[in-house]
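Going by this note's numbering, the sequence shown opens with residue 730, and the numbers climb by one from there.
Read through the structure below, which is laid out as structure tokens, and then see the notes.
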Amino acid sequence: MPHEPLGEPVFVFIDESGNFDFTNRGTRHFVLSAHITQAPLECGAGLSNLTYDFLARGLTNQVPIHATQNSVSTRHLVVSRLCERTHQCRVLSVFVEKANLEEDFQNDVAMYGISAVALVERLTSSITGESPRIILLFDATLTSKKRAAFLKVLKANLKKATRAFHIHFRPVSHDVNGQIADYYAWSVFRALESNDSSWLNKLPGPHEVFPAV
Numbered sequence: 730m731p732h733e734p735l736g737e738p739v740f741v742f743i744d745e746s747g748n749f750d751f752t753n754r755g756t757r758h759f760v761l762s763a764h765i766t767q768a769p770l771e772c773g774a775g776l777s778n779l780t781y782d783f784l785a786r787g788l789t790n791q792v793p794i795h796a797t798q799n800s801v802s803t804r805h806l807v808v809s810r811l812c813e814r815t816h817q818c819r820v821l822s823v824f825v826e827k828a829n830l831e832e833d834f835q836n837d838v839a840m841y842g843i844s845a846v847a848l849v850e851r852l853t854s855s856i857t858g859e860s861p862r863i864i865l866l867f868d869a870t871l872t873s874k875k876r877a878a879f880l881k882v883l884k885a886n887l888k889k890a891t892r893a894f895h896i897h898f899r900p901v902s903h904d905v906n907g908q909i910a911d912y913y914a915w916s917v918f919r920a921l922e923s924n925d926s927s928w929l930n931k932l933p934g935p936h937e938v939f940p941a942v
């Protein structure tokens with residue numbers, strides 16, 4: 730018996746910038762960025778080609794693509810290969826100023842949860858028409874135990890949604906679309922943390938940046 734068509738899913742690749750250290754040695758900001766697309770193969774083609782080009786030239790220290798570890802010249806190449814509006818992809822970025830969080834929320838699971846809930850709420854409110862499946866792919870930054878606590882927070886929020894969600898944890902190093910999210914997260918973080926918007930201004934749109942709280 731044939732399966733009923735499910736329609737094109739929306740893939741959401743999510744990566745973070747900043748750390749979970751709430752002491753005076755930690756970062757002042759935390760950022761989550763989501764690269765949203767229904768055409769991940771096409772949107773990631775530019776970075777896939779760049780990755781193979783690096784490998785062919787023996788530049789293994791530049792892969793997987795990661796903004797904090799890439800050279801300045803590589804960052805320029807990455808930005809030039811990012812998908813623009815051709816495939817209707819877009820990016821949402823949410824940030825937290827850690828010092829402004831209430832004490833009960835100054836831990837990794839709570840802050841990650843606040844950021845993710847704000848991101849998903851903005852995402853779902855921006856999707857119109859038929860309710861597609863939404864595939865959330867988070868970087869594997871939390872331990873298994875902490876993922877369970879995080880999922881409890883996120884799923885409680887998702888119960889309000891009328892759309893179908895699938896949630897996965899997958900290292901950003903495994904997918905160039907996640908690496909796209911990494912570049913946006915890093916650029917927003919750099920603008921907030923170091924007052925340097927030079928890289929953020931180079932990134933193609935559409936891209937929305939907003940506070941989690």
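Every residue, glycine too, gets a C-beta built ideally from N, C-alpha and C.
Computed from a predicted structure; not experimentally measured.
Residue range of the unbroken alpha helix (DSSP H) whose run includes residue i
{"i": "F751", "result": "No alpha helix (DSSP H) holds F751; DSSP gives it neither H nor E."}
{"i": "S794", "result": "Correcting the residue type first, residue 794 is Ile in the shown sequence and not Ser. Counting along the chain, I794 falls outside any alpha helix (DSSP H), and DSSP gives it neither H nor E."}
{"i": "A910", "result": "V905 to S923"}
{"i": "R876", "result": "S873 to L887"}
{"i": "C772", "result": "P769 to C772"}
{"i": "N930", "result": "S927 to K931"}
{"i": "L806", "result": "V801 to R810"}
Limits of the unbroken beta strand (DSSP E) element including residue i
{"i": "I856", "result": "From DSSP, I856 is part of no beta strand (DSSP E); its letter is neither H nor E."}
{"i": "I864", "result": "I863 to F867"}
{"i": "V938", "result": "H936 to P940"}
Residues that residue i bridges to, as DSSP identifies them
{"i": "A763", "result": "I743 and L821"}
{"i": "F898", "result": "F867"}
{"i": "H758", "result": "E826"}
Exposure label - residue i; buried when at least 16 CB within 10 Å
{"i": "E745", "result": "buried"}
{"i": "Q908", "result": "buried"}
{"i": "A885", "result": "exposed"}
{"i": "R810", "result": "buried"}
{"i": "D750", "result": "exposed"}
{"i": "G787", "result": "exposed"}
{"i": "N930", "result": "exposed"}
{"i": "Y781", "result": "exposed"}
{"i": "P769", "result": "buried"}
Cβ neighbours of residue i in the same chain (closer than 7 Å, five flanking residues each side left out)
{"i": "F894", "result": "I863, L865 and L887"}
{"i": "H758", "result": "G747, F824, V825, E826, K827, F918, L921 and E922"}
{"i": "T944", "result": "With the chain covering 730 to 942 only, the question about residue 944 has no answer from this structure."}
Cutoff 8 Å; reference residue i; Cβ partners in own chain excluding five residues on either side
{"i": "E834", "result": "In the sequence on display, residue 834 carries Phe and not Glu. M840 and I843."}
{"i": "H795", "result": "V901, S902, Q908 and D911"}
Interface flag, residue i vs chain C, CB-CB below 9 Å
{"i": "A828", "result": "Among the chains of the structure shown, chain C does not appear; only one protein chain is present."}
Same chain, Cβ closer than 6 Å to residue i, neighbours up to 5 away in sequence not counted
{"i": "V846", "result": "N886"}
key: Touching by the beta-carbon criterion (3+ pairs, under 8 Å), the segment 874-883 and the segment 750-770   = no
query = Counting Cβ pairs, one atom from each stretch, are 3 or more of them under 8 Å apart for the segment 821-832 and the segment 795-805?
reply = no
task = Answer yes if the segment 891-906 comes into contact with the segment 919-932, meaning at least three C-beta pairs across the two stretches below 8 Å, and no otherwise.
result = no
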